[in-house]
Amino acid sequence: MTRQLKDGLLHIVGEVKYAVRHCLLANHGVKVEDLKRVLSHPQALAQCENTLTKLGLVREAVDDTAGAAKHVALQKLEDTGAVASSAAASIYGLNILAEDIQDDSDNVTRFLILAREPIIPGTDRPFKTSIVFSLEEGPGVLFKALAVFALRQINLTKIESRPLRKQPLRASDDGNSGLPKYFDYLFYVDFEASMADENAQNACRHLKEFATFLRVLGSYPVHTSMM
Numbered sequence: 398m399t400r401q402l403k404d405g406l407l408h409i410v411g412e413v414k415y416a417v418r419h420c421l422l423a424n425h426g427v428k429v430e431d432l433k434r435v436l437s438h439p440q441a442l443a444q445c446e447n448t449l450t451k452l453g454l455v456r457e458a459v460d461d462t463a464g465a466a467k468h469v470a471l472q473k474l475e476d477t478g479a480v481a482s483s484a485a486a487s488i489y490g491l492n493i494l495a496e497d498i499q500d501d502s503d504n505v506t507r508f509l510i511l512a513r514e515p516i517i518p519g520t521d522r523p524f525k526t527s528i529v530f531s532l533e534e535g536p537g538v539l540f541k542a543l544a545v546f547a548l549r550q551i552n553l554t555k556i557e558s559r560p561l562r563k564q565p566l567r568a569s570d571d572g573n574s575g576l577p578k579y580f581d582y583l584f585y586v587d588f589e590a591s592m593a594d595e596n597a598q599n600a601c602r603h604l605k606e607f608a609t610f611l612r613v614l615g616s617y618p619v620h621t622s623m624m
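Position in the sequence shown (first residue = 1) + 397 = my numbering.
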């Protein structure tokens, strides 16, 4: 997804926040004390670390939570459970041995809605904007970049960096050498403002003055309800 967004193939047009509620599933007739191992996606296993450790279960990572439930059901495993949703238990006919086994009761997963065409941002409701940019290496450059938002009272909700040392971002050189420049990091930032807002436009225009690369990934309504 990151590559598609960076190359301009897709745009973020929305977000959905989903409350994570993991369950320990097993075939009917199987008890917790019968289990020796548990299958699930690596992230789900990590999110249930405390519970699984207390139960003394060996963890085995698979591609996804639903796939773990399906495998346990189809193979009729009696010593293996799955960490998945209650919906997966219903679909594959498994029994729920324990509910809400995630370590963090406020655990929320954020999903992005992507489209080939961006939506037109507005100011009639809360909007969020996601951007990606790169900077020349040097002391204080990231502070300078983030200051363009602080100066305009724009709140940042996320900032992440992604190293690109194996496949660094390349841009044309504006100097006289004629050689391309390479940048080792991309910075992903979400901020609470619509690109229809003059403040947000000025912040991005200011950032573009010294950023070596900048792209707006999407400006979209803030998701306020929880699924």
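From the three backbone atoms N, C-alpha and C, an ideal C-beta is built for every residue, glycine too.
- Taking 8 Å as the cut-off, the Cβ atoms of Phe530 and Leu611 count as close.
- Around the Cβ of Asn424, a 10 Å sphere holds 16 or more other Cβ atoms; the residue is buried.
- For Glu514, no alpha helix (DSSP H) run applies, since DSSP gives it neither H nor E.
- Rounded to whole angstroms, the separation of the alpha carbons of Asn552 and Leu539 is 16 Å.
- Secondary structure at Asn596: helix, using DSSP grouped into helix, strand and coil.
- Beta-bridge partners of Lys541 (DSSP): none assigned.
- Per the C-alpha coordinates, the member of Glu446, His438, Asp476, Gly453 positioned closest to Asp460 is His438.
- Where Gly464 is concerned, the enclosing alpha helix (DSSP H) starts and stops at 462-471.
- Here the region 503-518 makes contact with the region 413-422; the two share three or more CB pairs at distances below 8 Å.
- Distances from the CA of Leu511 to each of Val619, Leu614, His620, Cys445 were compared; the closest alpha carbon is that of Leu614.
- In the same chain as Ala458, and ignoring 5 residues on each side of it, the C-beta atoms closer than 6 Å to its own belong to Pro439, in chain order.
- Annotated as distal: Ala463 and Ala443, with beta-carbon spacing of 8 Å or more.
- When rounded, the separation of the alpha-carbon atoms in Asn596 and Gly519 is 13 Å.
- Non-local C-beta neighbours of Leu436 in its own chain, meaning closer than 7 Å and more than five positions away in sequence, comprise Glu457, Val459, Ala465, His468, Val469, Thr477, Ala479, ordered along the chain.
- Ranked by Cα distance from Lys541, the first of Asp501, Gly426, Lys605 is Lys605.
- Residue environment for Thr526: buried (at least 16 other C-beta atoms within 10 angstroms of its C-beta).
- Under a 10 Å Cβ-count criterion, Ile517 is classified as exposed, with fewer than 16 other Cβ atoms of the shown protein chains found around its own Cβ.
- The Cβ atoms of Asn447 and Asp497 lie no closer than 8 Å to each other.
- Just measuring C-alpha positions, the residue of Lys473, Lys428, Pro536 sitting nearest Leu452 is Lys428.
- Here the C-alpha atom of Ala547 lies approximately 49 Å from the C-alpha atom of Leu494.
- Taking all protein chains in view, the Cβ of Leu454 is crowded by 16 or more other Cβ atoms within 10 Å, so the residue is classified as buried.
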